[in-house]
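Residues in the sequence shown are numbered from 1 upward in steps of one, following the UniProt record's numbering. We put the beta carbon where it would ideally sit given N, CA and C, even for glycine. These notes concern the structure reproduced below.
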Amino acid sequence: MNPYVLVVDDQPLNLELARLVLEGGGFEVGTAPDGEAARRSIAERRPDLVLMDIQMPGIDGLTLTIELKQAPATRDLVIVAFTAYAVPGDEQRFLDAGFDGYLSKPIDVPTFADAVRALLRATA
1 MNPYVLVVDD QPLNLELARL VLEGGGFEVG TAPDGEAARR SIAERRPDLV
51 LMDIQMPGID GLTLTIELKQ APATRDLVIV AFTAYAVPGD EQRFLDAGFD
101 GYLSKPIDVP TFADAVRALL RATA
């Protein structure tokens, strides 16, 4: 069975590109355009890994990740910060907030699926 990754991003092009590249790399992929949709998706089918955009309208990725990491049912969910808005120190701030890793956008298409696979192995 292929690993299931949920990509959460409010930019449709980012969702589509990540989905295509990950499916090409052998992953099952779900997408959510915002934090509320991500909550519903996680309740319906638990992903092996969540790629969580940070800046989104409504509930942002940082707030949602803190919420998920505090809830007993989802505290062990593997959540990776997935953002283009990184400045020095952000990666450590994301890890301190409970993220299990960090991937920056724009994605590097040739290595993206392998980077996600490496994060899954590292958190297994």
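query = Which value, in whole angstroms, describes the spacing of the CA atoms of V50 and M1?
reply = As a first step, residue 50 must be located in the sequence shown, where it is residue number 50. As a first step, residue 1 must be located in the sequence shown, where it is residue number 1. Whole-angstrom Cα-Cα distance: 17 Å.
inquiry  = I'd like the span of the beta strand (DSSP E) that includes L51, first residue to last.
reply    = Residue numbering aside, residue 51 sits at position 51 when the sequence shown is read from its first letter. From DSSP, the beta strand (DSSP E) with L51 extends over 49-52.
key: Contact the stretch 63-78 vs the stretch 23-42: 3+ CB pairs below 8 Å   = The stretch 63-78 is in contact with the stretch 23-42.
inquiry  = Going by C-alpha to C-alpha distance, which of Q55, A18, T31 sits closest to D108?
reply    = Numbered from 1 along the sequence shown, position 108 holds the residue referred to as residue 108. It is A18 whose Cα lies nearest to the Cα of D108.
task = Pick out the complete alpha helix (DSSP H) segments inside the stretch 44-100, 4 residues or longer, and give them in chain order.
result = Fully enclosed alpha helix (DSSP H) runs of 4 or longer: 61-70, 90-97.
query = Over what stretch of residues does the beta strand (DSSP E) that includes A32 continue unbroken?
reply = One-based indexing of the sequence shown puts residue 32 at position 32. 28-32 is the span of the beta strand (DSSP E), which, as asked, contains A32.
task = Locate the alpha helix (DSSP H) running through N14, then write down its first and last residues.
result = As a position in the sequence shown, residue 14 is number 14, starting the count at 1. N14 -> alpha helix (DSSP H) spans 12-24.
Continuous alpha helix (DSSP H) stretch holding P3: start and end = Taking the sequence shown and counting its residues from 1, the one referred to as residue 3 is at position 3. Careful: P3 lies outside any alpha helix (DSSP H) and carries neither H nor E.
request  = Less than 8 Å between the CB atoms is what I'm expecting for P3 and L120, so what's the real figure, rounded?
outcome  = For the purposes of this step, residue 3 is taken as the residue at position 3 of the sequence shown. For the purposes of this step, residue 120 is taken as the residue at position 120 of the sequence shown. In this structure P3 touches L120 by the C-beta definition: roughly 6 Å separates them, less than 8 Å.
task = Would you kindly work out how many angstroms separate the C-alpha atoms of T74 and L6, rounded to a whole number?
result = In the sequence shown, residue 74 corresponds to position 74, counting from 1. In the sequence shown, residue 6 corresponds to position 6, counting from 1. Using only the alpha carbons, I get a separation of about 14 Å.
ask   = Which residues in the same chain as D76 place their Cβ atom closer than 6 Å to its Cβ, once the five residues preceding and following it in sequence are excluded?
value = Within the sequence shown, residue 76 is the residue found at index 76, counting from 1. Excluding positions up to five away in sequence, the list is empty.
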